[in-house]
Amino acid sequence: MARSPHALTPSSDVENFFQAVIPPVRNRTGTADVVRGMQCAVSPVRFRPAFPSSCVGRRPFLSRPASRQRDAMARRERDHVEDCEHHLMTNQHHANTSSDRARQSRVGLANPPPGTRLARTREHLESMGAPDFRYRQFVSALRRAEAETFDTVRELPAELRTGLTEKFGPRVLPIVPVARQAEDQVEKVVFESDPGIRFETVLSRYRAGWSSICVSSQAGCGLGCTFCATAAVGLARNLTADEIYAQVVHPSWRLHDKGLPESVAFMGMGEALANPHVFDALRLLSGTGYGELSQRRITVSTVGFAPNLSRLTKEYPQVTITLSVHSPFADERAQLIPLEKRFPLTENLAILDEHAGTARRKIYLAYLLIAGVNDTDEHLQQLARLVASRSRPELFHVSVIRYNQALGADPAYQAPSKTHVSQFVAGLRERGIHATRRRQLGSSIDAACGQLHARYAASAPAGGPLAGLPPMSPAEDRLLQIGRPGRSESRRTATG
Numbered sequence: 000m001a002r003s004p005h006a007l008t009p010s011s012d013v014e015n016f017f018q019a020v021i022p023p024v025r026n027r028t029g030t031a032d033v034v035r036g037m038q039c040a041v042s043p044v045r046f047r048p049a050f051p052s053s054c055v056g057r058r059p060f061l062s063r064p065a066s067r068q069r070d071a072m073a074r075r076e077r078d079h080v081e082d083c084e085h086h087l088m089t090n091q092h093h094a095n096t097s098s099d100r101a102r103q104s105r106v107g108l109a110n111p112p113p114g115t116r117l118a119r120t121r122e123h124l125e126s127m128g129a130p131d132f133r134y135r136q137f138v139s140a141l142r143r144a145e146a147e148t149f150d151t152v153r154e155l156p157a158e159l160r161t162g163l164t165e166k167f168g169p170r171v172l173p174i175v176p177v178a179r180q181a182e183d184q185v186e187k188v189v190f191e192s193d194p195g196i197r198f199e200t201v202l203s204r205y206r207a208g209w210s211s212i213c214v215s216s217q218a219g220c221g222l223g224c225t226f227c228a229t230a231a232v233g234l235a236r237n238l239t240a241d242e243i244y245a246q247v248v249h250p251s252w253r254l255h256d257k258g259l260p261e262s263v264a265f266m267g268m269g270e271a272l273a274n275p276h277v278f279d280a281l282r283l284l285s286g287t288g289y290g291e292l293s294q295r296r297i298t299v300s301t302v303g304f305a306p307n308l309s310r311l312t313k314e315y316p317q318v319t320i321t322l323s324v325h326s327p328f329a330d331e332r333a334q335l336i337p338l339e340k341r342f343p344l345t346e347n348l349a350i351l352d353e354h355a356g357t358a359r360r361k362i363y364l365a366y367l368l369i370a371g372v373n374d375t376d377e378h379l380q381q382l383a384r385l386v387a388s389r390s391r392p393e394l395f396h397v398s399v400i401r402y403n404q405a406l407g408a409d410p411a412y413q414a415p416s417k418t419h420v421s422q423f424v425a426g427l428r429e430r431g432i433h434a435t436r437r438r439q440l441g442s443s444i445d446a447a448c449g450q451l452h453a454r455y456a457a458s459a460p461a462g463g464p465l466a467g468l469p470p471m472s473p474a475e476d477r478l479l480q481i482g483r484p485g486r487s488e489s490r491r492t493a494t495g
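So for the sequence shown, numbering that gives the first Met the number 0 puts the first residue at 0; every next one is plus one.
In structure tokens:
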């Protein structure tokens, strides 16, 4: 009997038939049976359905088993296509992620501030013919707090390490730890830069699992605040941006903590805003590749150096600001903080009023509570009025600090009781003022607020003047020559 033209032969005829009946699977580019360059093979199905002779010239009739086979093959092919697409999309995602990481690794560092040791290091590497990535490797070693000497920066070739050592000396950082004290949760290190120039840095570890470092901005201080041990030392010089940055990334902290501190506070020795190098230090601490700290994790404390306070609010609007008030009365505040005579509290608060309106950032007002000096109900009421009169009083927060005994400070100053401090805070809250008592750590090792003196007081007699610092360099940007005021009582004039 003659073979029907529609009769199927094994394998090849089956494949040809299904190619005619089932449309080819196409990808988005229109290429049949190809999914983004990957062949989707059709598994051959071997069967031979018999067609009666009456079907000659008619559309072939598929038996029910053949129909099921066709549907099963279509499902398998569709599933295979989906698997191929998923596989390729996954590979493309990984490729894109790798490309993103590669692009990030190629991003250059921000330029270091001109004149800094980091800028000179970069220039010297370029003079030795080193490619740009060598400087990035050097800065990366600094951020990991692993580099104390150039020889320990193993990412750099030996010839570069030798060249840097010959140029800058063996140490990567310009400061050296010379003393260390510690108590529960607090560690204090005395650093030295030039011979005889010492300053202190305090690291606090909180039980919640984070840490904060309190850095110094000056060796000593020249503002003469009567409650502060640092002021009794006097001012040697401003610290450079490199010396401030080095306090944060120094390997000393790496010895006990597997990472750099989460926040930085300019609350150590010196008036931060009296030192113009602080702005370069902020640039390093918040800069790409150097410190990479959010500005909100940096706090700058000031007693009220108005010109640079205004500059700070414009150049670093997200940095947290703490202004020392300590008295709402101008003449009394001038006895505590002589800078009041030059830059009054009213001028500083006007700057912060504008800052609160534009940046909408919380502003802290520090209030050091001294028994019998600034802790009366009169002080409480006037302080509350002062805060309530601000343009955005809800953004001002009073941080009440219990006075700490400080070497070289006025011996008449005494700490109030803890109960009185709590009552003072409660009184502010009753008047609608946001207020808390600042928790203090490290008072037993002279590491709390107002106690830092970098051991210049080691040989000073009790109640006497502290050992003086070396004379200031004429080239240094000096501030004000304000003498310590007398203790004579004067009429209080309200501020605000």
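For every residue, glycine included, the Cβ atom is placed at its ideal position computed from N, Cα and C.
Since the structure is predicted, the reported quantities are computational estimates derived from the model, not experimental observations.
Three-state secondary structure (DSSP) of I362: As a first step, residue 362 must be located in the sequence shown, where it is residue number 363. Strand, per DSSP.
Helix, strand or coil at A355 according to DSSP, with G and I counted as helix: To locate residue 355, count along the sequence shown from 1; it is residue 356. The answer is helix: DSSP assigns A355 an H, G or I state.
Through-space distance from A425 to V171, alpha-carbon basis: In the sequence shown, the residue the question calls residue 171 occupies position 172. In the sequence shown, the residue the question calls residue 425 occupies position 426. Annotation: V171 to A425 spans about 49 Å, alpha carbon to alpha carbon.
Rounded distance between the beta-carbons of L292 and S300, thought under 8 Å: Walking along the sequence shown from the start, residue 300 turns up at place 301. Walking along the sequence shown from the start, residue 292 turns up at place 293. Not confirmed; about 16 Å, so no contact.
Through-space distance from V248 to T239, alpha-carbon basis: Against the sequence shown, residue 239 aligns to sequence position 240. Against the sequence shown, residue 248 aligns to sequence position 249. The alpha-carbon atoms of T239 and V248 are separated by roughly 15 Å.
DSSP-derived helix/strand/coil call for R170: Here residue 170 refers to the residue found at position 171 when the sequence shown is read from its first residue. In the structure shown, R170 sits in a strand (DSSP, three-state: E or B).
Any 3 or more C-beta pairs closer than 8 Å across the segment 404-419 and the segment 350-361: No: the two stretches stay apart, fewer than three of their Cβ pairs being nearer than 8 Å.
Spatially closest choice to L311 from D330, L272 and P156, by CA coordinates: The residue you call residue 311 lines up with position 312 of the sequence shown. Among D330, L272 and P156, the Cα nearest to that of L311 is on L272.
Strand pairing of K187, partner residues [DSSP]: Numbered from its first residue, the sequence shown carries residue 187 at position 188. K187 is bridged to Q180 and V201.
Backbone CA spacing between S458 and Q317 [nearest angstrom]: Position 459 of the sequence shown, counted from the start, is the residue given in the question as residue 458. Position 318 of the sequence shown, counted from the start, is the residue given in the question as residue 317. Below a pLDDT of 50, predicted positions are generally treated as unreliable, and S458, at 40, falls in that range; the measurement from the model is reported next regardless. Rounded to whole angstroms, S458 and Q317 show a C-alpha spacing of 42 Å.
Identity of the residue in S216, S398, Q404 and P173 nearest S323 by Cα: For this step, residue 323 is matched to residue 324 along the sequence shown. Selected option, being the one with the closest Cα: S398.
Whole beta strand (DSSP E) elements within the segment 210-285, 3-residue minimum: Here the runs fully enclosed are 210-213, 217-219, 234-237 and 262-265.
Identified DSSP bridge partners for H396: Numbered from its first residue, the sequence shown carries residue 396 at position 397. Answer is Y363 and H433, bridged to H396.
At least 3 beta-carbon pairs within less than 8 Å: the segment 335-344 vs the segment 196-208: Touching, no, given that fewer than three Cβ pairs across the two stretches are closer than 8 Å.
Alpha carbon of A280 to alpha carbon of Y289, nearest angstrom: Mapped onto the sequence shown, residue 280 falls at position 281. Mapped onto the sequence shown, residue 289 falls at position 290. Going by the C-alpha atoms only, they are around 10 Å apart.
Sequence-distant residues of the same chain with beta carbon closer than 6 Å to D409, five excluded per side: Here the question's residue 409 lines up with position 410 in the sequence shown. Taking C-beta separations shorter than 6 Å and ignoring five residues to either side along the sequence, the partners of D409 in its chain run T225, following chain order.
Enclosing alpha helix (DSSP H) for L514 [first to last residue]: Given a span of 0 to 495 for the chain in the structure shown, any question on residue 514 remains unanswerable.
Residue(s) in a DSSP beta bridge with R401: By one-based count along the sequence shown, residue 401 stands at place 402. Listed as beta-bridge partners of R401 by DSSP are L368.
Status (buried if at least 16 other CB within 10 Å, exposed otherwise) for D374: As a working note, residue 374 is residue 375 in the sequence shown. Buried is the call here.
Continuous beta strand (DSSP E) stretch holding S192: start and end: Locating residue 192 in the sequence shown gives position 193, where the first residue counts as 1. Neither: S192 is in no beta strand (DSSP E) and is coded neither H nor E.
Buried/exposed call for W209, threshold 16 Cβ in 10 Å: Counting from 1 along the sequence shown, the entry for residue 209 is found at position 210. Around the C-beta of W209, fewer than 16 other C-beta atoms lie within 10 Å, and the residue is accordingly described as exposed.
At least three beta-carbon pairs within less than 8 Å, the segment 423-439 to the segment 384-398: With the rule of 3 Cβ pairs closer than 8 Å, the segment 423-439 counts as touching the segment 384-398.
C-beta contact flag for G407 and A228 at 9 Å: Within the sequence shown, the letter at position 408 stands for residue 407. Within the sequence shown, the letter at position 229 stands for residue 228. Closer than 9 Å, so yes.
beta-carbon G162 near the ligand GTP non-hydrogen atom, thresh 8 Å: Of ligands this structure carries none, so the ligand GTP is not represented either.
Identity of the residues DSSP links to T298 by a beta bridge: Locating residue 298 in the sequence shown gives position 299, where the first residue counts as 1. Within the DSSP bridge table, the entry for T298 names A264 and T319 as partners.
Inter-residue CB distance, I350 and T319 (contact presumed, cutoff 8 Å): Translated into positions along the sequence shown, residue 350 becomes position 351. Translated into positions along the sequence shown, residue 319 becomes position 320. Rounded, the Cβ-Cβ distance is 15 Å, inconsistent with contact.
Buried/exposed call for D131, threshold 16 Cβ in 10 Å: Position 132 of the sequence shown, counted from the first residue, corresponds to residue 131. By the neighbour-count rule (16 or more Cβ atoms within 10 Å), D131 is not buried but exposed.
Best match in L124, L367, A144 and V185 for proximity to R160 [C-alpha to C-alpha]: As a working mapping, residue 160 is identified with position 161 in the sequence shown. Comparing alpha carbon positions, the residue from L124, L367, A144 and V185 closest to R160 is L124.
Close beta carbons around L510, own chain, < 7 Å, minus the five adjacent residues each side: Since the displayed the chain opens at 0 and closes at 495, residue 510 lies outside it and no answer follows.
Beta-ladder partner(s) of V175, from DSSP: Stepping through the sequence shown from its first residue, residue 175 is reached at position 176. Answer is E191, bridged to V175.
Exposed unless 16 or more other CB atoms sit within 10 angstroms - verdict on G303: Residue numbering aside, residue 303 sits at position 304 when the sequence shown is read from its first letter. Burial call: buried.
Proximity of A109 and R282 at Cβ, strictly below 9 Å: Sequence index remark: in the sequence shown, residue 109 carries index 110 (1-based). Sequence index remark: in the sequence shown, residue 282 carries index 283 (1-based). Note that the C-beta distance between A109 and R282 is below 9 Å.
Pick from F328, E261 and A235 that is closest to Y366, judged by C-alpha positions: Your numbering for residue 366 matches position 367 in the sequence shown. When only C-alpha atoms are compared, the closest one is F328.
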